[in-house]
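193 is the number that the working numbering gives to position 194 of the sequence shown; each next residue is one higher, with no gaps. Built from N, CA and C at the ideal position, the CB exists for glycine as well. Report on the following structure.
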Amino acid sequence: MRVFALLLPLLALVAAPAAASPQYRLAEQKLAAMAAENPGEYGIAAVDLATGETISFNGNEPFPMASTMKVAVAAAYLSDVDDGRRSLDDVIAGVSARTLMEQMITRSDNRATDLLIARLGGPAEIHAWLRAHGLSGIRVDRTIAQLLAARRDLRDVRDSSTPTAMLRLLRTIDGDEALSPASRRILLDMMSRCRTGSNRMRALLPAGTKVEHKTGTLSGYTGDVGFVTLPDGRRIAVALFARGGVNRPAVIASAARTIYDAFDAETPRVRTAARMTFPAKPAPRPAASCATTGERSLSQIVREATEPTNLLAARGCNSGSAVRGRSAPSR
0 MRVFALLLPL
10 LALVAAPAAA
20 SPQYRLAEQK
30 LAAMAAENPG
40 EYGIAAVDLA
50 TGETISFNGN
60 EPFPMASTMK
70 VAVAAAYLSD
80 VDDGRRSLDD
90 VIAGVSARTL
100 MEQMITRSDN
110 RATDLLIARL
120 GGPAEIHAWL
130 RAHGLSGIRV
140 DRTIAQLLAA
150 RRDLRDVRDS
160 STPTAMLRLL
170 RTIDGDEALS
180 PASRRILLDM
190 MSRCRTGSNR
200 MRALLPAGTK
210 VEHKTGTLSG
220 YTGDVGFVTL
230 PDGRRIAVAL
240 FARGGVNRPA
250 VIASAARTIY
260 DAFDAETPRV
270 RTAARMTFPA
280 KPAPRPAASC
290 ATTGERSLSQ
300 IVREATEPTN
310 LLAARGCNSG
320 SAVRGRSAPS
330 R
């Protein structure tokens with residue numbers, strides 16, 4: 000008993016979760032301040048898919064999904080494709096399922112969505128797929144046509160999700176348990192070509208950032224969910240929901256950048272520093288000829304073979320011809 004008592008503190012240390020990084024808590028404080036400064040309600044959550052570290056503000060509050068639910072429709076259909084029950088080549092109302100899914104994700108086409116929902120057997124089948132994969136806090140109850148025809152109530156729990164539940168759906172899609180690698184690639188490729196919501200998640204991220212996402216919009220509601228790839232290759236899943244107020248897209252864009260910066264702060268900087276470290280500049284010497292014809296002296300060959308390629312380029316030389324077997328560093 001005495002030994003067990005002595006071990007208790009050690010066991011507690013092992014069982015205790017690691018403390019969250021300070022920049023994540025600072026990001027949550029920034030999100031809270033952002034929400035306080037803007038009318039409306041905001042639900043925000045993000046997770047590093049590699050480490051499981053999370054950032055959350057109102058993460059357990061239900062919000063309407065609107066068209067962000069189309070990610071679940073696509074996942075449920077692709078799951079059936081993986082199981083051999085359906086095919087992306089199936090023709091539905093004269094159009095292939097692949098084309099309908101493409102229109103649903105990239106253009107948020109409501110008719111295409113409802114055709115896929117009908118082929119799956121109705122909203123209840125998608126809801127059942129979510130439950131079968133252990134996803135709670137998210138529900139699909141109606142078709143898009145039914146949703147749009149109903150009296151608008153932004154607090155209706157039907158067709159809603161918490162930001163945290165949406166993250167679980169995104170992690171399920173990104174993992175191996177729900178979709179085959181081929182189906183996952185198909186869905187992520189479509190999400191990367193989403194044409195809607197350029198003023199939301201993508202708006203303030205650095206140019207060239209890879210974003211795979213799906214937007215949602217209702218009167219008084221704005222949403223954007225998906226994946227963002229950081230400079231070091233890590234991917235984060237993000238769910239951004241906004242209800243009420245007038246600055247919803249701008250707040251979502253600012254929140255996405257706050258999240259990006261917080262996770263990017265974890266990116267190792269050693270490699271960046273290495274890229275910025277160049278050999279010492281050699282002493283000035285007469286300009287070497289860049290001609291590839293004619294003979295060169297032994298000293299010139301040795302000098303060019305050891306000289307940094309960026310200095311050769313500065314002289315107007317093509318590094319591929321001036322230094323055989325070496326290529327210019329990518330920028």
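* **Whole-angstrom distance between Q22 and A96, CA atom to CA atom** => 43 Å
* Starting from I235, trace the beta strand (DSSP E) both ways and give me its first and last residue. => R234 to R242
* Whole-Å CB distance - D81 paired with S179, under 8 Å assumed -> 5 Å
* When the distance is taken between beta carbons, is R256 closer than 7 Å to L203? -> In this structure, L203 lies near R256, with their beta-carbon atoms less than 7 Å apart.
* Asked: In terms of DSSP beta bridges, what is L203 paired with?
  -> According to DSSP, which records beta bridges pairwise, L203 is partnered with nothing at all.
* Spell out the partners DSSP gives Y41 in its beta bridges. => A241
* Between which two residues does the alpha helix (DSSP H) containing T171 stretch? -> P162 to D173
* For the beta strand (DSSP E) that V210 lies in, which residues bound it at each end? -> Start and end: V210 to L217.
* **A35 versus N57 - alpha carbon distance** => 12 Å
* According to DSSP, what are the bridge partners of I91? -> V94
* Asked: Short check: CB of K213 to CB of G225, under 7 Å?
  -> yes
* To do: Taking D260 and L239 to be in contact with their CB atoms under 8 Å, please state how far apart those CB atoms are, rounded to whole angstroms.
  => Actually they do not touch by this definition, with Cβ atoms about 15 Å apart.
* Tell me which same chain residues have a C-beta within less than 7 Å of the C-beta of T163, skipping the five on either side of it? -> A44, S55, G58, N59 and G136
* **Among P230, Y220 and R234, the one whose alpha carbon lies nearest that of P38** => Y220
* To do: Find out if the Cβ-Cβ distance for the pair M64, G215 is shorter than 7 Å.
  => A contact, by the Cβ cut-off of 7 Å.
* Asked: On the three-state DSSP scale, how would you describe P63?
  -> strand
* Name the residue from R247, D113 and M200 whose alpha carbon lies nearest to the alpha carbon of A71. => When only C-alpha atoms are compared, the closest one is D113.
* **Between the CA atoms of R157 and K69 - distance to the nearest angstrom** => 15 Å
* Which first and last residues belong to the alpha helix (DSSP H) in which I125 is found? -> P122 to A131
* Asked: Are the Cβ atoms of T105 and R170 separated by less than 7 Å?
  -> no
* State the beta-bridge partners of V227 as determined by DSSP. => V210 and I235
* Asked: Cβ of A75 within 7 Å of Cβ of W128?
  -> yes
* Asked: Where do the ends of the beta strand (DSSP E) carrying T53 lie?
  -> Bounds of the beta strand (DSSP E) holding T53 are T53 to F56.
* Where V46 falls: helix, strand or coil (DSSP) -> strand
* Asked: Hey, S159 and P61: beta-carbon distance below 7 Å or not?
  -> Less than 7 Å separates the beta-carbon of S159 from that of P61.
* To do: Reducing DSSP to helix, strand and coil, say where A286 ends up.
  => Below a pLDDT of 50, predicted positions are generally treated as unreliable, and A286, at 41, falls in that range; the measurement from the model is reported next regardless. Of the three classes helix, strand and coil, the one that applies to A286 here is coil, per DSSP.
* Alpha carbon to alpha carbon, how far is L217 from A31? Give it in angstroms, no decimals. => 23 Å
* Asked: Distance, Cα to Cα, E211 vs V250?
  -> Computed Cα separation, rounded: 19 Å.
* Take R330 and list the residues in its own chain whose beta-carbon comes closer than 8 Å to its own, dropping the five residues that flank it on each side. => Unreliable positioning characterises R330 in this predicted model, as indicated by a pLDDT of 36, which lies under 50. A coordinate reading is not provided.
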